[in-house]
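For reference, the structure is listed below as structure tokens.
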Amino acid sequence: LFTTEVGGSASFTVVLTSQPTGNIDIGLTSSDPAQGSPSAGTITFTPGNWSVAQTVVVTGQDGNGIEDGNIPYQIATTATSGDASYNAIAVADVSLTNRAVNNQPTLGAIANVTMNEDALPLTLPLTGIGSGQTGESQALTLTLSAVPAGIVSISQSYVSPSATGSFTITPIANQNGIVTVTATVSDGGGTLFGGMDTITRTFTITVNSVNDVPQVVVHQTGMSVNRGLTATVTCRLNDPANGIVGNAATGHIGATDVETVSNLLIYQVQLIPSQGVLRKHASPADPTGAVMLPNQTFTQQDLSDGLIRYTHNNGTGASDGFAFTVLDDNLPTAGASALTVLNITINLGQLPPEVILGGTLLYTENQAPQVIDAFATIFDQDSLDFGGGVLTCSLSGANATVVPHDIIGIINQGVGPGQIGVAGSAVTYGGVVIGNISGTSNGVGSNLAVTFTASCTYTEAQALMRNITFVNDSDFPTNTPGVVGSRTLTVVLTDGDGGSSTTSPTSFPSKPITVTPINDAPTVPTVAVLTAQGVSVSGAAAPADPDGDAVAVTIVGIPVKGSVVITNAATGAFTYTPFDGDSGTDTFTIKANDGTVDSAITTVTVRITGGADARPWASSDPPLEVLPGDLLRYNMTVDASDLPAGSNIAFSLVGTIQPGMTITKTGTTTAILLWPNATAPVGDYIEIGVLMVDAAANSAGFQKLVIKVATPPTGGG
């Protein structure tokens, strides 16, 4: 019979061969209880069950815990009873062998593992690895059950017969979940006679979900834009399934996220460009867009649609860029990518010259030419000379009446070192011609344009700019007389190499000019009139005011041979009446005032012809009467034989001139007086006179006319 050290059992039966008279007790003992023991220490037969076989089960065990091979042992029997005939009967012992079997290897309990998605690999220690019994020396192996794919990968480290080992657990990128794993240690000893050659331990690995931040890809060389122009920031990601169109080779920026659809990724501006502006446009056709500021956002869809554009500010810096992060849609705690910079290269090309003017020029009417800006600055970074370039100065702000009197000029300092000179159209610096003034844009009521020679650099151009002047040569320097006006001087400089100050963001090429008018005094012309003795004469000393102010003429000094009255102060009209019997030359003085300032005093000369003075005489007979409603016609002839040859007489009516009455010169010494439709009351006498003046001879004559309006004749037989 055989038992095993792992509890394998054997059995045998005991039965009596004859009926006893009393109970029979058969004792059962093991010769080596460490190897095996009977299931009962005593079995009893009675006179009633003596013939029924009783089974004894012997169970083996590992008596010493070491591998010591197969061990024989016996179960000894002894009988005692009340039947004397049985007491002397010898009962046979039962021999058994306790067989050695393969003991189960050992493996300590394995703790469950918790880790985060995308965490670093974790080492899980293994302990308590053994063959299961002292003395066993099988080679041990450690194996894992199949690990579900897609969450973690596990590698092991174990060398038999070490009691320790480890598993290295690595999360698979961007995956999470729970994995159940079984580890098995095997000794290869087999399972004969109930042996066990494996042990398993089961544990779980929990990978917690973590919000993965977007990943950004930027073009290695960034983007480029020509100075002063606009370029579109393009997308590197091409994901047509989600509406994103880009180019991985030429696109500027792109982003991906394992948890967010690509068209929902959000770009947040952190640092704005310094040499230009970043704009977000409402549509591809939107010409202006909105300037983006820090913390403002755009989407990857905006990139794909070409709505993000960079405009250079025309500065001279060769590089620019902007920094941004990319956010996923896991709001409100969106994951943000690392800070990323898109570099922008500026293709500067030909750099423009700079013109910087400052302050305001204050100019007062009638001043001498004033230097517009003695501290003007001109600079160019890359032109060795300005040959072929042009400096153009223009004025704005004046109306068409004022413009012809605005003059932009150049001070002629001389030909010495550092001096600007002007000789004809040539402009020199230190005696060397650096430019020529345009024939049509010479600054007189027009622009001033100077075309440079190769001898001009920005140094000479700056010296010229500091010697350019402004003057207005009229008494009306502003659009509204008497009211302060203004001009704006604008300078455009080209350097001859394609650069223009109009494209320089650092230029300040304009300067205001404040023009203050002064109150100019009015003027009154010198006037001389001729009259005959005893005949009043009218004249006018028409005043003028440069500022257009209203003026009034007044008498300053009175005449001595007659009296004078101002009949219209605004026009300077007056009437002079000689005193009876006076002749010769008389004078009186007048002035004009514009409400503030007087004109210079002017003398009016009156020549009174009379007495023995040579003068023209009427040689024709005057009319004496006219019928009512008739035409009065008087052909007047003058005798000028007392006057120098070549007399040319002027005729005028004086006195009570009737409506419609005129006198018209018909020759050098003739005239015709007409009074159509005579209308004076019947019987009245009309007294008028004709003044005849020979200005060249400084002489005047007078013919008095007394005309009666006669009574019309009545009918008769």
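This note's numbering applies: residue 4 is where the sequence shown begins, and numbers increase by one.
We put the CB at the ideal spot given by N, CA and C, even for glycine.
These numbers were taken from a predicted model, which means no experiment stands behind them.
query: Quick check: what's the CA-CA separation for A13 versus T62?; result: 7 Å
query: Does the structure place the segment 473-484 close enough to the segment 538-546 that three or more beta carbon pairs sit under 8 Å?; result: no
query: Report the rounded CA-to-CA distance for L451 versus N445, giving the unit in angstroms.; result: 5 Å
query: Identify whether A103 lies in helix, strand or coil by the three-state DSSP scheme.; result: coil
query: Which residue from N26, S504, G362 and V447 puts its Cα closest to that of F389?; result: S504
query: In terms of residues, what are the limits of the beta strand (DSSP E) holding Q271?; result: I269 to L274
query: Quick one: complete alpha helix (DSSP H) runs, 4+ long, within the segment 259-336?; result: 303-307
query: Grab me the residues of A524's own chain with a C-beta within less than 6 Å of its C-beta, minus the 5 sequence neighbours each way, in chain order.; result: V600 and S602
query: Which residues bound the alpha helix (DSSP H) around E120?; result: E120 -> no alpha helix (DSSP H), and no H or E assigned at all.
query: Does A595 pass the burial test, meaning 16 or more other C-beta atoms within 10 Å, or should it be called exposed?; result: buried
query: Measuring alpha carbon to alpha carbon, tell me which residue in T404, G192, I359 and W620 is nearest T493.; result: I359
query: So is E463 buried or exposed if we call it buried at 16+ other beta carbons inside 10 Å?; result: buried
query: Out of T201, S307, L708 and A326, which has the shortest C-alpha to C-alpha gap to V629?; result: L708
query: Quick check on DSSP: helix, strand or coil for Q77?; result: strand
query: Indicate the three-state DSSP secondary structure (helix, strand or coil) for T506 in the structure shown.; result: helix
query: What three-state label does DSSP hand G11 in the structure shown?; result: coil
query: As an exercise, report each continuous alpha helix (DSSP H) stretch of at least 4 residues that is fully enclosed by the segment 396-427, in chain order.; result: none
query: So the candidates are G575, V219 and A82; which of them puts its Cα closest to the Cα of L342?; result: V219
query: In this structure, does DSSP put M468 in helix, strand or coil?; result: helix
query: Leaving out the 5 sequence neighbours to the left and right, which residues in its chain are closer than 7 Å to T714 when beta-carbon positions are compared?; result: V685 and G686
query: Give the secondary structure of Y366 by DSSP, where H, G and I count as helix, E and B as strand, and everything else as coil.; result: strand
query: Once the 5 residues before and after G25 are set aside, which same chain residues still bring their CB inside 6 Å of it?; result: S84, G85 and D86
query: How many Å lie between L387 and I437 at the Cα?; result: 14 Å
query: Determine the extent of the beta strand (DSSP E) in which L4 is found, giving its start and end residues.; result: Premise fails: L4 is in no beta strand (DSSP E) and is neither H nor E.
query: For chain C, is any of its Cβ atoms less than 8 Å away from the one on T130?; result: The displayed structure is made up of one protein chain only, and chain C is not part of it.
query: Cutting at 6 Å between CB atoms, please list the residues of its own chain near D28, excluding the five before and the five after it.; result: T45, T47 and T83
query: Exposed or buried, what is E690 when buried is set at 16 or more other beta-carbons lying within 10 Å of its beta-carbon?; result: exposed
query: Ordered along the chain, which non-local residues of its own chain (more than five positions away) have a Cβ less than 7 Å from that of G279?; result: Y313, T314, H315, N316 and D323
query: Note down the Cα distance separating P41 from Q77, rounded to an integer number of angstroms.; result: 10 Å
query: Is the beta carbon of V210 closer than 8 Å to that of V155?; result: yes
query: I need the DSSP call for G720, collapsed to helix, strand or coil.; result: Summary for G720: the model assigns pLDDT 48, below 50, so the residue's position carries little reliability, and this model does not support an answer.
query: Ignoring anything shorter than 4 residues or poking outside the segment 523-559, list the alpha helix (DSSP H) runs there in chain order.; result: none
query: Based on Cα-Cα distance, which residue from R102, T669, D376 and L694 lies nearest to G658?; result: L694
query: Which residue wins for smallest C-alpha separation from D215, given the options S169, G632, T207 and N177?; result: N177
query: Below 8 Å, can you find three or more Cβ-Cβ pairs linking the segment 348-368 to the segment 223-239?; result: yes
query: Contact between the segment 578-593 and the segment 502-519 is defined here as three or more beta-carbon pairs at a separation below 8 Å; is this criterion met?; result: no
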